[in-house]
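Input: a single structure, listed below in structure tokens.
Protein chains: 2
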Amino acid sequence: MGWSERFEGLASLPKEIRDELETRSQVMDVPEGTTVFAPGMHADNLLLLLSGTVRVQQVSESGREIVLYRVEAGESCVMTTACLIAHEDYAAEGITETACRAVAIPRKVFDDLAAKSDAFRQFVFSSYARRITDLFGVIEALAFQRVDIRLAQRLLKLAGAADTLDTTHQKLATELGTAREVVSRQLREFQRRGWVEQNRGSVTLIDRAALEALAAE
Amino acid sequence: MGWSERFEGLASLPKEIRDELETRSQVMDVPEGTTVFAPGMHADNLLLLLSGTVRVQQVSESGREIVLYRVEAGESCVMTTACLIAHEDYAAEGITETACRAVAIPRKVFDDLAAKSDAFRQFVFSSYARRITDLFGVIEALAFQRVDIRLAQRLLKLAGAADTLDTTHQKLATELGTAREVVSRQLREFQRRGWVEQNRGSVTLIDRAALEALAAE
DNA sequence: TGCCGTCTGTGAGTTTGTCACCGAGCCAGA
DNA sequence: TCTGGCTCGGTGACAAACTCACAGACGGCA
Numbered sequence: 000m001g002w003s004e005r006f007e008g009l010a011s012l013p014k015e016i017r018d019e020l021e022t023r024s025q026v027m028d029v030p031e032g033t034t035v036f037a038p039g040m041h042a043d044n045l046l047l048l049l050s051g052t053v054r055v056q057q058v059s060e061s062g063r064e065i066v067l068y069r070v071e072a073g074e075s076c077v078m079t080t081a082c083l084i085a086h087e088d089y090a091a092e093g094i095t096e097t098a099c100r101a102v103a104i105p106r107k108v109f110d111d112l113a114a115k116s117d118a119f120r121q122f123v124f125s126s127y128a129r130r131i132t133d134l135f136g137v138i139e140a141l142a143f144q145r146v147d148i149r150l151a152q153r154l155l156k157l158a159g160a161a162d163t164l165d166t167t168h169q170k171l172a173t174e175l176g177t178a179r180e181v182v183s184r185q186l187r188e189f190q191r192r193g194w195v196e197q198n199r200g201s202v203t204l205i206d207r208a209a210l211e212a213l214a215a216e
Numbered sequence: 000m001g002w003s004e005r006f007e008g009l010a011s012l013p014k015e016i017r018d019e020l021e022t023r024s025q026v027m028d029v030p031e032g033t034t035v036f037a038p039g040m041h042a043d044n045l046l047l048l049l050s051g052t053v054r055v056q057q058v059s060e061s062g063r064e065i066v067l068y069r070v071e072a073g074e075s076c077v078m079t080t081a082c083l084i085a086h087e088d089y090a091a092e093g094i095t096e097t098a099c100r101a102v103a104i105p106r107k108v109f110d111d112l113a114a115k116s117d118a119f120r121q122f123v124f125s126s127y128a129r130r131i132t133d134l135f136g137v138i139e140a141l142a143f144q145r146v147d148i149r150l151a152q153r154l155l156k157l158a159g160a161a162d163t164l165d166t167t168h169q170k171l172a173t174e175l176g177t178a179r180e181v182v183s184r185q186l187r188e189f190q191r192r193g194w195v196e197q198n199r200g201s202v203t204l205i206d207r208a209a210l211e212a213l214a215a216e
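Protein sequences appear in the order of chains Y and R.
Counting in numbering that gives the first Met the number 0, the final residue of the first sequence is number 216, and the numbers go up one at a time with none missing.
Counting in numbering that gives the first Met the number 0, the final residue of the second sequence is number 216, and the numbers go up one at a time with none missing.
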């Protein structure tokens, strides 16, 4: 059984297409902290993530950053293909957040399959759609949402099932595209209310219910 | 000579593909102010704009709005296709800003051509790429740029070659995703410096050089 | 132990967003 | 022509967010 069954949207491909996909592409391991794509970089593979996560973020001239979205296992890093074609400059970069295992589909194979298979095209387009809705979400949050609400949401999301989050104020600020001081002050307020506790380099969620209530506003 | 030559990226298609495109799609006229797509709307055509412009904007629950980008003549409204596929909700809508003439390509024809023609796929992907870079730009501006700079940029862009812009403070606020009061204050400041003059429903650019200097910061 | 780089805290000032309200211009109908 | 209602713009007070400058705390390492 090959990896192609692990991708929703690829599992339904005809067997011969899946075989072609598997034989003509290469599984690779990427260590944590690797820049998978960046402005000016020449990527000629479409990456499908088998495990790990890739953080995609934008960097401004002034050095401030904002996280746009994460590519999770079972998803494709389709934005790279878009960015290749893009004429103008952009400033998004993808960095592996954990060690990753990924399938690299060469451009030629990508083109062939896009021509051959309706289902594959469907897969590609729905990958685009997901990323675009992610970007819409970022815009919505930046333009219309208060920082405290966004911080609560992000803390819950990043923590997942765990109670403690190993991260710095600066990293959280990057998540939201805001300044470190803002995060520090918000966290202090959260702590004052007994919602979280802080240590150097970590935040512990104490009162999830309260955070969820704020996040839902 | 058909309309397909007017689209960069389509003009290079083989003649038989262009013919198929032209015979199997329909040219339509759309009056100003029409909602071309919106959340929950079922679009089954890909629109190519022959003339006019479509404004794409996002609306928040609270009623505030932000302009994401404009589709100009010679471009395709490819985001509709993405949004169809998108599982989650999104809140972008497209509104004709002028009377428009557009080619509607039915989904079936779109699929056929995407299968048949490398060049057509290239066209579609580069349309996506353009929109995505537009969204990156919006995010960059929202997260990292001062409002006065963005306003100066937008005034110059919207005015084009003309000196006078027929628009309201509220509409300018929507352009930037900010509040009407903020635009009012910035314009008052611009006026105080002799850069613009204002009348009810219009702004006249007096000192373009100064605005350009600010816009370039 | 002492040094250094990273992480966090904080105050002051600026910019931006929110809220509430008012007045001026414009238009249509009496 | 008057008048009421609507849109547009102006304003003050306040809250939220960002910037800047700097200081102290912590941890790893020589």
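Every residue, glycine too, gets a C-beta built ideally from N, C-alpha and C.
Keep in mind that this is a model prediction, so the values were computed, not measured.
Please list the partners that residue i has in chain R, where partner means a Cβ-to-Cβ separation under 8 Å.
i               : result
E139 of chain Y : Q57, S59 and A90
Just to confirm before moving on: does the CB-CB distance between residue i and residue j stay below 9 Å?
i               : j               : result
L134 of chain R : L150 of chain R : no
V29 of chain Y  : T95 of chain Y  : yes
V26 of chain R  : V123 of chain R : no
L48 of chain Y  : E71 of chain Y  : yes
K234 of chain R : I16 of chain R  : In the structure displayed, chain R extends from 0 to 216; residue 234 of chain R sits before or after that span and is not available.
E7 of chain Y   : G73 of chain Y  : yes
C99 of chain R  : S24 of chain R  : no
V66 of chain Y  : L175 of chain Y : yes
D117 of chain R : D110 of chain Y : yes
I205 of chain R : E196 of chain R : yes
Could you list which residues in chain Y have their beta carbon closer than 8 Å to that of residue i, in chain order?
i              : result
I16 of chain R : Per Cβ cutoff of 8 Å: no residues; I16 of chain R is ~13 Å from chain Y at best.
R63 of chain R : A142 and F143
Strictly below 7 Å CB to CB, what residues from chain R border residue i?
i               : result
Y127 of chain Y : A81 and Y127
For residue i, go through chain Y and note every residue whose CB falls closer than 7 Å to its CB, in chain order.
i               : result
G176 of chain R : A142
Using the C-alpha atoms, what's the distance from residue j back to residue i?
i               : j               : result
R120 of chain R : H41 of chain Y  : 20 Å
V181 of chain R : Y68 of chain Y  : 30 Å
F143 of chain Y : Q169 of chain R : 16 Å
V202 of chain R : T163 of chain R : 6 Å
L9 of chain R   : S3 of chain R   : 6 Å
T177 of chain Y : G39 of chain R  : 32 Å
A214 of chain Y : I104 of chain Y : 39 Å
W222 of chain Y : L186 of chain Y : An answer regarding residue 222 of chain Y cannot be provided, because it is not within the stretch 0 to 216 covered by chain Y.
R5 of chain R   : R130 of chain R : 19 Å
G62 of chain Y  : A37 of chain Y  : 15 Å
V55 of chain Y  : R184 of chain Y : 26 Å
N198 of chain Y : V35 of chain R  : 52 Å
A81 of chain R  : Q190 of chain R : 42 Å
S231 of chain Y : E19 of chain R  : Because chain Y in this structure spans residues 0 to 216, residue 231 of chain Y falls outside the shown range and cannot be described.
E216 of chain R : I148 of chain R : 7 Å
R153 of chain R : T132 of chain Y : 25 Å
G32 of chain Y  : G32 of chain R  : 48 Å
A161 of chain Y : R207 of chain Y : 11 Å
G159 of chain R : L12 of chain Y  : 49 Å
Q57 of chain Y  : D43 of chain R  : 33 Å
R192 of chain Y : V53 of chain Y  : 34 Å
E188 of chain Y : T97 of chain Y  : 31 Å
Which chain Y residues are close to residue i, counting only those with a beta carbon under 9 Å from its beta carbon?
i               : result
T191 of chain R : The sequence given here has Arg at residue 191 of chain R, not Thr. What R191 of chain R touches in chain Y: nothing, since even the nearest Cβ is about 27 Å away.
What distance in whole Å lies between the Cβ atoms of residue j and residue i, which are believed to be in contact at a cut-off of 8 Å?
i               : j               : result
T173 of chain Y : E92 of chain Y  : That pair is no contact at about 12 Å.
S75 of chain Y  : L112 of chain Y : With a Cβ gap of about 12 Å, S75 of chain Y and L112 of chain Y do not count as contacting.
Y260 of chain Y : Y89 of chain R  : The first residue shown for chain Y is 0 and the last is 216, placing residue 260 of chain Y beyond what the model contains.
V166 of chain Y : L157 of chain Y : This sequence places Thr at residue 166 of chain Y; Val is not what is there. About 7 Å; that satisfies the 8 Å criterion.
V137 of chain Y : I138 of chain R : 6 Å
Taking 8 Å as the cut-off, is the CB of residue i close to at least one heavy atom of the ligand COA?
i               : result
V181 of chain R : The ligand content of the structure shown is nil, which means the ligand COA is not present either.
- prompt: Going along the chain, which residues of the stretch 90-121 of chain R sit with their C-beta nearer than 9 Å to a C-beta in chain Y?
  reply: From the stretch 90-121 of chain R, only A90, A91, D110, A113, A114, K115, S116, D117, R120 and Q121 have a Cβ closer than 9 Å to chain Y.
Where the stretch 133-160 of chain Y meets chain R: residues whose CB sits under 7 Å from a CB there: If the cut-off is 7 Å between Cβ atoms, the stretch 133-160 of chain Y has L134, F135, V137, I138, E139, L141, A142 and F143 near chain R.
- prompt: Between the stretch 193-215 of chain R and chain Y, which residues of the former have CB atoms less than 7 Å from a CB of the latter, in chain order?
  reply: Within the stretch 193-215 of chain R, not one residue has a Cβ closer than 7 Å to any Cβ of chain Y.
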